[in-house]
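Here the protein sequences line up with chains A and B, keeping their order. Going by full-length UniProt numbering, the residue at position 5 of the first sequence is 5; the numbering climbs one at a time, nothing skipped. Going by full-length UniProt numbering, the residue at position 178 of the second sequence is 178; the numbering climbs one at a time, nothing skipped. Virtual Cβ for every residue (Gly too), placed ideally from N, Cα, C. This report refers to the structure that appears directly beneath it.
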Amino acid sequence: MRALTWHGTNDVRVDTHPDPEIINPRDTIIKITSTAICGSDLHLYDGVIPGMKSGDILGHEFMGEVVETGPKSTLKKGQRVVVPFTISCGQCFFCQQQQYSACDNSNPVEKQDASEMLYGHPMSGIFGYSHLTGGYAGGQAEYVRVPFSDVGPIVVPDHLTDDQVLFLSDILPTGWMAADNAEIQPGDTVAVWGAGPVGLFAVQSAVLMGAAQVICIDHHPHRLELAQKFGAKIINFEETHVREALMEMTGGIGPDAVIDAVGMEAHGFTPDNVLDVVKQKIAPGADRGHALRQAILAVRKGGRVSVPGVYGGMLDKWPLGAMMEKGITIKTGQTHVQKYIKDLLRRIEEGEIDTTFLISHHLSLEDAPTGYRNFHDKQNEWTKVVLRPDMAKGA
Amino acid sequence: MSHHNHDDAPKRTQKDDKDGDLAIVGRSVTINRPRQELFAFWRDFTNLSQFMEAIESIQMTGENRSAWTVRAPAGQTVTLETETVDVVEGEQIGWRSVEGSQIETKGKVSFTDAPEGRGTVVSAEIGYVPPAGDLGRLVAKLFAAEPNIQARHELKRFKMLMETGEIATGSYYRDQKDNK
């Protein structure tokens, strides 16, 4: 099969690989119809996530048709499914608490050691996202092997297009959980840092959850316009003092809840630092969390801080005093996709949530490297790239 | 040398973890399955090779005796015969090597109810004395890397098998050997 493959920093190519096979009883094989490039794929593209090997197949936002099933899979050939990016067994303590992204059993045993050393506990498995999370081949390919297929994939009705449901795999539930973690009450102001795909879905979710005011902070004019479409007020941090503006826009109180949908890369944690962390097997890395620090200082006393943005290492100059003295609550984590996916599918079907506004480009799988380059370099215009293996190169 | 515990932590987490001449490794894992089910699975030693990667096979040679073939580096194998000891129905299974085995070893696995319906805490402790000579060097190599990590890996595989019915792998085709 053809698959988008990582070869090193800023070096991805479409290569030919063996077709995936059923290995474990609960596996299924999916023929990919649509797969997206995620903002977090850019962390891999930039080489700031450790544990990558040349030849790894990327992609954790994908959907397609079931073409083969293991003896314990509950799926049937021909079904059309969207697959959550986190791999979850459904039977461990964490899955049974609906903390699916904390699954104990989806990251192969030998692969758990690195994250256990870095974080104190191992991460769960994730498709196409380094050997820290299992070294699973991703879905930016013609076919993919999906383990625990009785737990993750959701069957979608034929009358919904791929573009309507594809983002159930990651960014829609991630934005939704970000707003859920903000514990929004009537009358609340919610401030969202980052108008990328997750930030925009967090904006849309916060509005749906009844926030009185949602304020989105970014510097890309087009992305801020998209946030405005969902009723958000906007702050361009290149033109405005963000904290002063947030205080003035909330009558001197500060936002009730803040969402950091930026993560480590806006202000970088440098590749050499991160790789050193793993190489030396010691914990201190160097996340630089400007957005998160600003969010913690901006949130009102007793407010909530929600962090869907991806961080990987250690952060210094952490505003611990503000955190304690103001009595704030911080909630974070990789998304428990399986917890939210059914409800979100219903909301899409009922027309309550629109996902298609985000897609700026459809490309063939063969043109994926162009998609990575432009999604990385032209963030204002390239808001979301969907790859379709059935499209012809250059179409 | 004193082996008294001065706190409530398991002996295997003491900084001085020697038990006479035996090097002790051990770990605990919580498995979301009933205690009796886990005990019964482990009681049949022929099941152990399903999740213990170092074990090529175990055959029962008597009601309480089994022959173990253990993988050693460079394609070699080590054989030993063990007898089952200190069995407490539903709670504990012990074993020790009998005379004539190539490794002197003893071990025990215990099963206790986890709090609040969270399943079963499974704790394993294994002690061994590597043999002398060339074989000793092989066995030392086998355990040298990180015996505690190896013990933890085996228990995690046991947990995966019991909770999910399979052992997770990142490989996407059967012959992909380099991506367990």
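Distance, residue j Cα to residue i Cα
i: L344 of chain A; j: H220 of chain A; result: 28 Å
i: M160 of chain B; j: S88 of chain A; result: 12 Å
i: F230 of chain A; j: V385 of chain A; result: 21 Å
i: R223 of chain A; j: S360 of chain A; result: 11 Å
i: T174 of chain A; j: L118 of chain A; result: 23 Å
i: residue 398 of chain A; j: P157 of chain A; result: Shown here, chain A extends from 1 to 395; a query on residue 398 of chain A therefore has no answer.
i: V305 of chain A; j: D256 of chain A; result: 9 Å
i: P34 of chain B; j: K108 of chain B; result: 19 Å
i: K339 of chain A; j: Q96 of chain A; result: 10 Å
i: T46 of chain B; j: G94 of chain B; result: 15 Å
i: E91 of chain B; j: T120 of chain B; result: 10 Å
i: T103 of chain B; j: Q50 of chain B; result: A small correction: the amino acid at residue 103 of chain B is Ile; Thr does not occupy that position in the sequence shown. Their Cα atoms are separated by approximately 21 Å.
i: G187 of chain A; j: V214 of chain A; result: 11 Å
i: A392 of chain A; j: A74 of chain B; result: 49 Å
i: L168 of chain A; j: K31 of chain A; result: 17 Å
i: R13 of chain A; j: G100 of chain B; result: 57 Å
i: R12 of chain B; j: H6 of chain B; result: 13 Å
i: G62 of chain B; j: E53 of chain B; result: 24 Å
i: G194 of chain A; j: A179 of chain A; result: 14 Å
i: A102 of chain A; j: V98 of chain B; result: 43 Å
i: N181 of chain A; j: T332 of chain A; result: 7 Å
i: L44 of chain A; j: H376 of chain A; result: 11 Å
i: G263 of chain A; j: K106 of chain B; result: 50 Å
i: E125 of chain B; j: T112 of chain B; result: 14 Å
i: C92 of chain A; j: K111 of chain A; result: 18 Å
i: I58 of chain B; j: M162 of chain B; result: 19 Å
i: V78 of chain B; j: Q140 of chain A; result: 45 Å
i: Q76 of chain B; j: I55 of chain B; result: 12 Å
i: E239 of chain A; j: I217 of chain A; result: 11 Å
i: E248 of chain A; j: I184 of chain A; result: 20 Å
Bridge partners - residue i, DSSP secondary structure assignment
i: I217 of chain A; result: A:W193 and A:I235
i: W95 of chain B; result: B:T84 and B:G107
i: L172 of chain A; result: Beta-bridge pairing links L172 of chain A to no other residue.
i: S306 of chain A; result: A:I259 and A:K331
i: M60 of chain B; result: B:S66
i: L38 of chain B; result: Looking at the DSSP assignment, L38 of chain B forms no beta bridge with any residue, so it has no partner.
i: A178 of chain A; result: DSSP output for A178 of chain A lists no bridge partner at all.
i: R388 of chain A; result: A:S364
i: D113 of chain B; result: B:T120
i: R71 of chain B; result: B:T77
i: V155 of chain A; result: A:V81
i: I55 of chain B; result: B:V70
i: S28 of chain B; result: B:S123
Coarse secondary structure for residue i, derived from DSSP in three states
i: D175 of chain B; result: coil
i: A291 of chain A; result: helix
i: D33 of chain B; result: The sequence shown places Arg at residue 33 of chain B, rather than the Asp named in the question. In the structure shown, R33 of chain B sits in coil (DSSP, three-state: anything other than H, G, I, E or B).
i: T9 of chain A; result: coil
i: S101 of chain B; result: coil
i: V258 of chain A; result: strand
i: T161 of chain A; result: coil
i: I149 of chain B; result: helix
i: T250 of chain A; result: coil
i: A3 of chain A; result: strand
i: V14 of chain A; result: strand
i: I167 of chain B; result: coil
i: I296 of chain A; result: helix
i: A227 of chain A; result: helix
i: K301 of chain A; result: coil
i: H241 of chain A; result: coil
i: H222 of chain A; result: helix
i: E154 of chain B; result: helix
i: G199 of chain A; result: helix
i: A206 of chain A; result: helix
Supposed close pair residue i, residue j - CB separation, criterion 8 Å
i: S34 of chain A; j: M1 of chain A; result: Going by Cβ atoms, the distance from S34 of chain A to M1 of chain A rounds to 16 Å, so no, they are not a contact pair.
i: E61 of chain A; j: L166 of chain A; result: 7 Å
i: I253 of chain A; j: V190 of chain A; result: About 13 Å; that fails the 8 Å criterion.
i: T5 of chain A; j: D56 of chain A; result: 7 Å
i: G170 of chain B; j: Y136 of chain A; result: 5 Å
i: G26 of chain B; j: A114 of chain B; result: That pair is no contact at about 18 Å.
i: V198 of chain A; j: A261 of chain A; result: 5 Å
i: I29 of chain A; j: E68 of chain A; result: 4 Å
i: N64 of chain B; j: E83 of chain B; result: 5 Å
Any C-beta of chain C under 8 Å from that of residue i
i: M60 of chain B; result: Of the chains in the structure shown, none is chain C; the protein chains are A and B.
Heavy atom of the ligand COA within 7 Å of residue i beta-carbon
i: H121 of chain A; result: Of ligands this structure carries none, so the ligand COA is not represented either.
Problem set entry | Inside the region 316–386 of chain A only - alpha helix (DSSP H) runs reaching at least 4 residues | 320–325, 337–349 and 368–377
For this session: Return the chain-ordered ranges of every beta strand (DSSP E) run that is complete within the UniProt domain "Alcohol dehydrogenase-like N-terminal" (25–153) of chain A and spans a minimum of 3 residues.
Result: 28–37, 61–69, 80–83 and 143–146
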